[in-house]
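Take the sequence shown: its letters are residues 1 to 311, numbered as in my numbering. We put the CB at the ideal spot given by N, CA and C, even for glycine. Note that this is a predicted model, so its numbers are computed, not measured. Notes follow the structure.
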Amino acid sequence: MFDEGLSPWWDVYVQVPSPLSDAVSACLHRLEAGAVVLHDDTVLAAEAVARLQGGPQAAGWTVVQGAWPADAAFLARLQALQQALYDWTAWLPGLRWQLACRQQHQHDYLTQWQRFFTPLVIAERLLIRPPWEKGPVPAGMACVELEPSMAFGTGLHPTTQLCLTLLVQALAGHPQGCLLDVGCGSGILALAALKLGLPRAVGVDIDPQAVAVARHNAARNGLRDQVAFLHGSWEVAKGPYTHLVANLYLEPLLALAGALPELLLPGGCGIVSGILETQEAPLREALQAAGLAVSARLAREGWVALRADRR
Ligand SMILES: C[S@@+](CC[C@H](N)C(=O)[O-])C[C@H]1O[C@@H](n2cnc3c(N)ncnc32)[C@H](O)[C@@H]1O
């Protein structure tokens, strides 16, 4: 897919005392890192940037590793991570941490994704898999094939999985209508909805790279004629829709909540995620203030997804 040499991904490594590793992992997920993994009893080797080392001196330390696309957002994400580490240091005087980044080589990129992007099964109904995983799709299962790339959304993130699970539930039987995917990323949610039987979908994203990747993934899955991926946000998507899914973060979700009565048909189903449990209350309030009824909730690793129906 890419030329030999550097891949379009950066590896990021944060060495912290082990009790802080879950917080760092959550922070990396919030900053949209992929392939987040914890290496316990490990430190960053002093003599080489971003080389991991075990041994007695590593006891009690964890290196949290993640990957970010080498795109325009990379520096801002790195700064946000650094700021979070400085904030923790302010609360925990004496805290020691190390941060290192290394642009992946093509070889690391492929082996890393082949290690972390393994087939994912959602509710025994939906299979998400990378192109190198071949083999028959189990009977009764819908399958979406996604190539890892610069756009978020390989199904690895807990919020993507929560949205997919709520989608499977919402689209049981013979679904009809059209879904709007706000913040489509790789297109994973819209493409899954189509594979689950919905006839049409529209996806929007403010990142033009994501739109290009989503279109590529639509073609790869033979769905090009059923879906339109557009650059922009919900303003560019003419409604109303029977279904809407938005895996974003709190601020845009609060704004989107106010637009849901116009974007959804009566009886329509909205699925929203991208929030932590601590952010759930304001989102619930915004959905209820917009006249929607929260009818389902899923949570995983501190993340929450809500289903809200238009009456
Ligand atoms: C967390 S990713 C979700 C990707 C994919 N839908 C998934 O569930 O894995 C969020 C995506 O939303 C896009 N985004 C962020 N704010 C947005 C907004 N206000 N309107 C549309 N897209 C937005 C980002 O560019 C990113 O691709």
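Limits of the unbroken alpha helix (DSSP H) element including residue i
i: S186; result: No alpha helix (DSSP H) contains S186, which DSSP labels as neither H nor E.
i: S233; result: S233 -> no alpha helix (DSSP H), and no H or E assigned at all.
i: V137; result: Counting along the chain, V137 falls outside any alpha helix (DSSP H), and DSSP gives it neither H nor E.
i: R125; result: Looking at the DSSP string, R125 is not in any alpha helix (DSSP H), and its letter there is neither H nor E.
i: L223; result: Neither: L223 is in no alpha helix (DSSP H) and is coded neither H nor E.
i: E285; result: 280-289
i: F74; result: 74-91
i: L171; result: Here L171 belongs to no alpha helix (DSSP H), and DSSP marks it neither H nor E.
Chain C contact for residue i (CB, 8 Å cutoff)
i: G270; result: In the displayed structure, chain C is absent; only one protein chain is listed.
Expected contact under 8 Å - CB spacing of residue i and residue j to nearest Å
i: A170; j: C269; result: 5 Å
i: L253; j: I275; result: 7 Å
i: V304; j: E280; result: 5 Å
i: V168; j: R129; result: With a Cβ gap of about 16 Å, V168 and R129 do not count as contacting.
i: P131; j: E145; result: 6 Å
i: A317; j: V37; result: There is simply no residue 317 to check, as the chain begins at 1 and stops at 311 in what is shown.
i: L31; j: H39; result: That pair is no contact at about 19 Å.
i: L162; j: R300; result: 6 Å
i: A290; j: L260; result: 5 Å
i: Q333; j: D87; result: Examination of residue 333 is not possible in this model, given that the chain is present from 1 through 311 alone.
i: G302; j: E277; result: 6 Å
i: V294; j: R284; result: 6 Å
i: T242; j: G197; result: In fact, because the Cβ distance is near 12 Å, the residues do not count as touching under 8 Å.
Beta-bridge partners of residue i, as assigned by DSSP
i: P17; result: W61
i: A67; result: D11, G34
i: R129; result: E145
i: L180; result: V202, L244
i: Q209; result: Paired residue(s): none; Q209 is not in a bridge.
i: Q161; result: According to DSSP, Q161 bridges with nothing at all.
i: A100; result: Y13
i: L52; result: L44
Range covered by the beta strand (DSSP E) that runs through residue i
i: L244; result: 241-247
i: A308; result: 303-310
i: G268; result: 264-276
i: D205; result: 200-205
i: R297; result: 292-300
i: A35; result: 34-40
i: A45; result: Here A45 belongs to no beta strand (DSSP E), and DSSP marks it neither H nor E.
i: A142; result: 142-145
Any non-hydrogen atom of ligand 3 closer than 7 Å to residue i Cβ
i: I206; result: Within the structure as shown, ligand 3 is missing, the only ligands being ligand 1.
Just checking, does the stretch 90-98 make contact with the stretch 65-75 on the three C-beta pairs under 8 Å criterion?
Cβ pair count under 8 Å is below three, so no.
Could you say if the stretch 222-239 and the stretch 198-205 meet the contact criterion of at least three C-beta pairs nearer than 8 Å?
yes
If contact is defined by three or more beta carbon pairs under 8 Å, each pair taking one atom from either stretch, is the stretch 12-19 in contact with the stretch 78-87?
yes
I'd like to know if the stretch 209-217 and the stretch 177-193 are in contact, where contact means that at least 3 CB-CB pairs between them fall below 8 Å.
yes
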